[in-house]
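Chemist:
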Amino acid sequence: MLRINYLHGLAANFRNWNRPLKFLHSLHQNKRRKPRTKHKFTKALKTPMKPFDVEPKVYMRDTISNIYKILKYSTWESAETQLKQLPIRWDSFTVNQVLKTHPPMEKAWLFFNWVGKVKSFKHDQFTYTTMLDIFGEAGRVSSMKYLFQQMQEKGLKIDAVTYTSILHWLSKSGDVGGAVETWEEMRGKGCFPTVVSYTAYMKVLFDNQRVKEGTAVYKEMLQSGISPNCHTYTVLMEYLFGAGKYEEALEIFSKMQEAGVKPDKAACNILVEKCCKAGETWPIIQILQYMKENHLVLRYPIFLLALETFKAAGERDALLRQVHPHISVECIDNERVVEYKGNDFEDPSSLDRGLVWVLLKKQNLQAVDSLLTELMDKNIKLDSELMSAIVHVNCGHCRVDGALLTFKYSVKTGIKLERTAYLALIGCLIRSNTFTDIVEIVVEMTSTGHSLGVYLASLLIYRLGCARRPTCAAKIFDSLPDDQKCVATYTALVGVYFAAGTADKGLKIYKTMRKKGIYPSLGTYCVLVAGLEKLSRVSNAETYRKEKKSLWKDAYFRESIPMEEKICDLLFARDVVS
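Start counting the sequence shown at 0; every next residue gets the next number (numbering that gives the first Met the number 0).
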């Protein structure tokens, strides 16, 4: 089950300060000095003092985001000019953070070479490793090897992180032998592997059926005194489930918890997917029981796969639905596969619609973008089903620009997209940390008659809070219909302001919720206590902690809990047994 713990955020403390005002008075030299009276300075100043102009503080995350947009949306000639004009000092941390935003690969490489020529800057092991990782992810193995050779020639420190990245991408490209050679080279150079290195190498071996070697590496890790982490155990269980050794895998699943390592959401999703592909339901039930107790949920595609597995086996899916109360039966029953049926493919009634569909079917998305731009200039209207399909395909390929272009086309021509298309676009923007257009999309979605729903609205507001976007979160909340302004969405908004470091605003939202007759749930109190403690408001936190204990006791005597409270507890509560 989706587990969201305490909100994390840095508290920004602001101090109000005033500079002393010095009044200059001239006294007549010829006159005798008189003693001061209490009415001496009662005359008001004719010209009021102007407030001091304080330049707004520029945060590093905003600087990095600005550089990323320059690299992504500008030609290199224009980007180079803009980069030279930026009033920043280039250091290893800044360059590394820019590269980790994953700008287009060509621009990243041009930027890497450009910044290397900047005076007083030199690339180090961190910037080289990140650039090397970009090439590996893009499948440019030869370029990755070239960078690694440069690191060796320049005498840069090559640590376990660099070696691990290389062997991982070599294995992904199919060069298992090269991955094994990289591991042996790392050990030969006296570089000690980390738990991440061991885990990555074990996965390479198990995925390629080199079981004895993988087992030997695991034993070597234990003998070296390195404790396995959740990912290590997941790699072992993934292999065992794939080999049909379910009891051994579940034994590891149990023992890792005894060792203090709890399986996370990713691990549960991987294991359930493996069981579904094998058609085994009894291991899924045990994993679901653990997920229910620890408030974890499956990803929606894995949930649907598990649902089909239970259905095919003729077994009840009650536990699966208990773990996922936020997914309604109607949503599943009415879900349709995204495909376009508006035109006959052999004989399209419209040349423009038919051409768009052919390009979309061939996955030629750049051509679709160009055609949509031309049609938008001509104000030619396409149908909702086709436009929704374009959004889905773009989001599936992580093409935020293409999906946004389709959305803007639909707004300009008055096309109402399907609800799933809006949700796919919002999810794509969140995954790419692009929050500027989310408010516009939600407002447009609401105006077309579609609803986010309490669960998705609360989750979206909370996610915007994690990204330090309280203004966007507040606008999303204000755009919700009154029946969705409930304890879950109010709690999410309170958490947003706590994450932004403004406890007073968070408490104000909470008081507004109470005035409207909405009672807090356990999740609300968890957010209040955690947020106030983070902001050093200990006395306030203690007050709400007492109220939480009182509510906890009363919860045992309640016959039923409203769905809004269940969603709130699901998202924000700790130690709540559903």
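Quick reminder that beta carbons are idealized off the backbone N, C-alpha and C, glycines included.
Express the C-alpha separation of residue 252 and residue 298 in angstroms, rounding to a whole number.
Modeler: One alpha carbon belongs to residue 298, the other to residue 252, and they sit about 20 Å apart.
Chemist: What are the boundary residues of the alpha helix (DSSP H) that residue 420 is part of?
Modeler: 418-430
Chemist: In angstroms with no decimal places, state the Cα-to-Cα distance between residue 76 and residue 468.
Modeler: 32 Å
Chemist: Would you mind stating whether residue 585 and residue 428 have Cβ atoms separated by less than 9 Å?
Modeler: Not covered by the structure: residue 585. The range shown for the chain is 0 to 577.
Chemist: Taking only the alpha-carbon atoms, compute the straight-line gap between residue 159 and residue 482 and give it to the nearest angstrom.
Modeler: 53 Å
Chemist: Residue 572 to residue 487, Cα distance in whole Å?
Modeler: 11 Å
Chemist: Within 10 angstroms of the Cβ of residue 271, are there 16 or more other Cβ atoms? Answer buried if so, exposed if not.
Modeler: Buried.
Chemist: Can you give the beta carbon distance from residue 493 to residue 527, rounded, assuming they're within the 8 Å contact cut?
Modeler: 7 Å
Chemist: Counting only the same chain and skipping the five closest in sequence on each side, list residues whose C-beta sits under 6 Å from that of residue 123.
Modeler: Shown here for residue 123: same chain residues with a beta carbon closer than 6 Å to its own, the five before and five after excluded, namely 91 in chain order.
Chemist: List the endpoints of the continuous alpha helix (DSSP H) containing residue 96.
Modeler: 91-99
Chemist: From which residue to which residue does the alpha helix (DSSP H) around residue 466 run?
Modeler: Secondary structure note for residue 466: it is in no alpha helix (DSSP H), with a DSSP letter that is neither H nor E.
Chemist: Taking its Cβ as the centre, do 16 or more other Cβ atoms sit within 10 Å of residue 480, making it buried, or is it exposed?
Modeler: exposed
Chemist: Quick one, are the C-beta atoms of residue 237 and residue 264 less than 9 Å apart?
Modeler: no
Chemist: So, is residue 401 buried or exposed, given that buried needs 16 or more other C-beta atoms within 10 angstroms?
Modeler: In this structure residue 401 is buried. Its beta-carbon is surrounded by 16 or more other beta-carbon atoms within 10 angstroms.
Chemist: Would the region 540-548 and the region 460-467 be scored as touching if the rule is three or more Cβ pairs under 8 Å?
Modeler: no
Chemist: Determine the extent of the alpha helix (DSSP H) in which residue 110 is found, giving its start and end residues.
Modeler: 104-115 is the span of the alpha helix (DSSP H), which, as asked, contains residue 110.
Chemist: Report yes or no: do the region 162-173 and the region 194-201 share at least 3 C-beta pairs separated by less than 8 Å?
Modeler: yes
Chemist: Suppose the cutoff is 7 Å on Cβ atoms and the five residues either side in sequence are ignored; what does the same chain contact list for residue 155 look like?
Modeler: Contacts found: 123, 124 and 127.
Chemist: Helix, strand or coil for residue 12, going by three-state DSSP, please let me know.
Modeler: Residue confidence for residue 12 is low, a pLDDT of 36 falling below 50, so the modelled location carries little weight and cannot support an answer.
Chemist: By alpha-carbon positions, which one of 419, 131 and 293 ends up nearest to residue 569?
Modeler: 293
Chemist: Counting only runs of 4+ residues fully inside the region 155-235, write out the alpha helix (DSSP H) ranges in chain order.
Modeler: Segments of the alpha helix (DSSP H) lying fully in the region 155-235: 159-171, 175-187, 194-206 and 210-222.
Chemist: Once you ignore the five residues that flank residue 15 on each side, which residues in its own chain have a CB closer than 7 Å to its CB?
Modeler: Summary for residue 15: the model assigns pLDDT 37, below 50, so the residue's position carries little reliability, and this model does not support an answer.
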